[in-house]
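In this note's numbering, the protein residues as written are 363 to 626. Where a beta carbon is used, it is the ideal one built from N, C-alpha and C, also for glycine. In this text the structure is predicted, and so the values were computed from the model without any measurement.
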Amino acid sequence: MIPVQHTRTDRPIKTACLPACCLILLLMGGCVSHQHVDYSPGDPSPSPHKAGQKPYVINGRQYQPLSSHEGFVQDGIASSYGRDFHGRKTSNGELFDMNAMTAAHKTLPLGVWVKVYHKRTGRDVVVRINDRGPFVGDRIIDLSEGAARKLDMLQEGVAAVRVTALGYKNGHGGGEAEFRTPVNYDSGNFTLQVAAFKNRSNAYRYAEELKVTYGTADVQESMVDGTRFYRVRLGRYTSLRTAQLSHEAFTKKGFPGNFVVAVE
Numbered sequence: 363m364i365p366v367q368h369t370r371t372d373r374p375i376k377t378a379c380l381p382a383c384c385l386i387l388l389l390m391g392g393c394v395s396h397q398h399v400d401y402s403p404g405d406p407s408p409s410p411h412k413a414g415q416k417p418y419v420i421n422g423r424q425y426q427p428l429s430s431h432e433g434f435v436q437d438g439i440a441s442s443y444g445r446d447f448h449g450r451k452t453s454n455g456e457l458f459d460m461n462a463m464t465a466a467h468k469t470l471p472l473g474v475w476v477k478v479y480h481k482r483t484g485r486d487v488v489v490r491i492n493d494r495g496p497f498v499g500d501r502i503i504d505l506s507e508g509a510a511r512k513l514d515m516l517q518e519g520v521a522a523v524r525v526t527a528l529g530y531k532n533g534h535g536g537g538e539a540e541f542r543t544p545v546n547y548d549s550g551n552f553t554l555q556v557a558a559f560k561n562r563s564n565a566y567r568y569a570e571e572l573k574v575t576y577g578t579a580d581v582q583e584s585m586v587d588g589t590r591f592y593r594v595r596l597g598r599y600t601s602l603r604t605a606q607l608s609h610e611a612f613t614k615k616g617f618p619g620n621f622v623v624a625v626e
């Protein structure tokens with residue numbers, strides 16, 4: 363599946379050309395702190411082929427869920443959500459329970475368990491990802507009220523944390539929890555999509571410019587709702603993790619809208 367990147371103009375976005383206020387909004391991904399992403403029918407299964415692994419768009423920004431949790435560690439700000447969402451459907455189809463040990467994350471596979479470590483207090487909590495969010499600022503995870511209470515962060519509202527992916531729980535018996543790792547989906551062919559054009563000449567011209575600097579770039583053509591798009595891709599990778607690291611590096615180089623796609 364190839365995600366669609368919609369552009370308002372026929373020129374790739376460059377951070378150097380954006381006013382400061384626009385750049386801030388671009389990096390924040392809008393002003394929505396939490397928003398349900400409906401993949402119906404939902405499924406907390408670890409399979410990357412389930413609906414919960416499909417890319418989705420919030421406030422015009424595209425998010426590509428990860429195929430694997432392996433090696434995932436992330437530092438940032440945690441927030442929480444509770445009564446206002448209690449009883450509503452989460453992104454994997456469950457009803458949100460504000461007292462359950464669950465959380466929302468933008469890209470981790472639904473169903474994976476993570477450890478959230480509070481950097482200031484040293485407390486930690488283990489939660490299951492069953493929803494998408496938060497979509498504001500530098501927040502990386504939205505904890506249920508119950509999980510936030512256990513982490514002792516309700517009074518301050520937000521907290522500096524480290525999120526470490528653990529895996530998927532084996533069974534539901536008592537005793538110490540054991541986590542398993544699903545089939546490794548890291549191997550494959552991947553590239554980065556860095557821009558999308560409606561004008562063919564502009565797309566191929568931009569790809570040639572990228573080749574001069576980065577060595578590898580091409581254009582993929584496709585039809586979306588009757589409109590032909592020319593997607594410019596950069597790089598070739600045989601490891602999803604390597605591609606994701608390159609995504610982060612190219613974001614810092616001035617390609618804020620780039621994302622990883624799988625290719626045949």
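Helix or strand or just coil, what does DSSP make of residue i?
| i | result |
| --- | --- |
| N561 | coil |
| Q436 | strand |
| D459 | coil |
| L596 | strand |
| F617 | coil |
| R590 | strand |
| K451 | strand |
| L572 | helix |
| R445 | helix |
| P544 | Legend: pLDDT at P544 = 47, less than 50; position of this residue unreliable, no value from coordinates given. |
If contacts are defined as beta-carbon pairs under 8 Å, then residue i and residue j qualify, I think. What distance do you get, rounded to the angstrom?
| i | j | result |
| --- | --- | --- |
| V460 | E507 | Correcting the residue identity first, residue 460 is Met in this sequence and not Val. With 8 Å as the limit, M460 and E507 qualify as a contact, their Cβ atoms being about 4 Å apart. |
| A624 | N551 | 7 Å |
| R490 | M463 | 7 Å |
| G433 | R562 | Rounded, the Cβ-Cβ distance is 39 Å, inconsistent with contact. |
| N620 | L554 | 5 Å |
| V478 | L505 | 7 Å |
| I502 | A579 | Rounded, the Cβ-Cβ distance is 31 Å, inconsistent with contact. |
| T526 | V476 | 6 Å |
| G473 | Y530 | 6 Å |
| F617 | V556 | 5 Å |
| V581 | A605 | Contact flag wrong, Cβ pair sits at about 19 Å. |
In the DSSP assignment, find the alpha helix (DSSP H) that holds residue i and state where it starts and stops.
| i | result |
| --- | --- |
| F612 | 602 to 614 |
| E583 | That residue, E583, is in no alpha helix (DSSP H); its beta strand (DSSP E) goes 579 to 586. |
So the beta strand (DSSP E) residue i belongs to, where does it begin and stop?
| i | result |
| --- | --- |
| G508 | Run containing G508: none in the beta strand (DSSP E); it sits in the alpha helix (DSSP H), 507 to 512. |
| L635 | Outside the displayed span of the chain (363 to 626) sits residue 635, for which this structure offers no information. |
| R423 | 423 to 425 |
| T464 | 464 to 466 |
| V419 | 418 to 420 |
With contact counted as at least three CB pairs below 8 Å, one residue from each stretch, are the stretch 578 to 597 and the stretch 521 to 529 in contact? no
Does the pairing of the stretch 446 to 458 with the stretch 474 to 484 give three or more beta-carbon distances under 8 Å? no
Could I get the ranges of all uninterrupted beta strand (DSSP E) runs contained in the stretch 471 to 507, with 3 residues as the minimum, in chain order? 475 to 480, 486 to 493, 501 to 506
Determine, using beta-carbon pairs with one atom in the stretch 562 to 569 and one in the stretch 592 to 610, whether at least three such pairs fall under 8 Å. yes
Within the chosen definition, does the stretch 420 to 439 reach the stretch 508 to 515 through at least 3 CB pairs nearer than 8 Å? no
Is there contact between the stretch 496 to 505 and the stretch 464 to 474, where contact requires at least three CB pairs shorter than 8 Å? yes
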